[in-house]
Amino acid sequence: MTNKEILMTALRYGEPPRVPWVPYVGVHGAYLLGKDADEYLKSADLICQGLAKAREEYNPDGLPIVFDLQLEAEALGCELQWAKDNLPSVIGHILDKVPLSELKVPTEKDGRIPIVLEATERLVKEYKDDIGLMGLVCGPFTLGLHLMGSKLISKMVKNPDEVLEVMEFCSQVCRAMSEMYLKRGVEIIAIVDPMVSQISPQMYDRFVLTAFKPTTELVRNYNGISLLFVCGDATRVVPNLCKSDTDGFAFDENIKFAYAAEEARKHRKVFIGNLPLTVGLLFGEVEDNIKFAQDVIEVGRGPGFVLAPG
17 MTNKEILMTA LRYGEPPRVP WVPYVGVHGA YLLGKDADEY LKSADLICQG
67 LAKAREEYNP DGLPIVFDLQ LEAEALGCEL QWAKDNLPSV IGHILDKVPL
117 SELKVPTEKD GRIPIVLEAT ERLVKEYKDD IGLMGLVCGP FTLGLHLMGS
167 KLISKMVKNP DEVLEVMEFC SQVCRAMSEM YLKRGVEIIA IVDPMVSQIS
217 PQMYDRFVLT AFKPTTELVR NYNGISLLFV CGDATRVVPN LCKSDTDGFA
267 FDENIKFAYA AEEARKHRKV FIGNLPLTVG LLFGEVEDNI KFAQDVIEVG
317 RGPGFVLAPG
């Protein structure tokens, strides 16, 4: 089996002959090339070179094309602060300046989207049969926070109807961005919504749960795979993740791996994780990471499991 076939078997809740491995190479691609992160994220050439280097160095079964949750926010008019060694951050919320009614769903010509799509077309041509390429889109809740700022959280209580309107718009942005990838032959869409770890299970069900539907139904129409990526201690919403309409979810070191695996398997959901990022990959020795990987594989081995950083 090819690397891609191994990954796709697991993502369709099968059990391949070995555990698939997906390193989240985002601006780490810039590091591999000796380039600055801001330069990397503005160049289709560098994005392609970074993934080529990652393919060579890490022998992955899949790779994200671009890991930049500010892409859609920037295209919608949010102000970014750029960094040389990290992702950009949103420092200006567009809904502080204009009403939601004036925002339009981004097109293939807005912001840096054309750069990402050019890289996507080239990478699909090069790696379509070799590894699983992942199109990452900013999740509706996280995008809503980019657009509105922290007021979104308080308005979930004070003005829930307004928040639901924002979430509906963001879900359409998520769908549109996903279709840009799908039309170019990307078969795996990851909805990256790290901020859902900050809300209660009840708030998740009310505001977030159905917001994924437009995207997941679209992905299903393309016979693709949809995943939900979360960050932080999202332990309390793991049952909610399992109720979401994606094929599975990825989580980080803040969630107990055995618990997430058990819940995922109850619902036949793919689960992806969860090598310790800080004590392991960032500050640990090679031997430490081998042991961490062995421990995770021992618990996760079976259908629907993909090894990845936490």
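Each residue of the sequence shown is one higher than the one before, starting from 17 at the first, in our numbering.
We treat Cβ as the ideally placed atom computed from N, Cα and C, and that holds for glycine.
- Taking C-alpha positions only, E203 is separated from P80 by approximately 11 Å.
- Taken in chain order, the complete beta strand (DSSP E) segments of 3 or more residues contained in the segment 66-150 are 78-80, 95-97, 105-108.
- In this structure, DSSP gives V153 an extended state, which the three-state scheme calls strand.
- In this structure, Y47 is the residue among L85, L87, N305, Y47 with its C-alpha nearest to the C-alpha of A68.
- The three-state secondary structure of V43, taken from DSSP, is coil.
- Nearest neighbour of G78 by Cα position, chosen from I288, F308, I313, N305, turns out to be I288.
- By the 16-neighbour rule on beta-carbons within 10 angstroms, P115 is exposed.
- For N290, the uninterrupted beta strand (DSSP E) run begins and ends at 286-291, by DSSP.
- For G264, the uninterrupted beta strand (DSSP E) segment begins and ends at 264-266.
- Nearest in C-alpha terms to G42, of all of A53, P33, P32, is A53.
- C186 and T158 have their C-alpha atoms some 9 Å from each other.
- Less than 8 Å separates the beta-carbon of G151 from that of S194.
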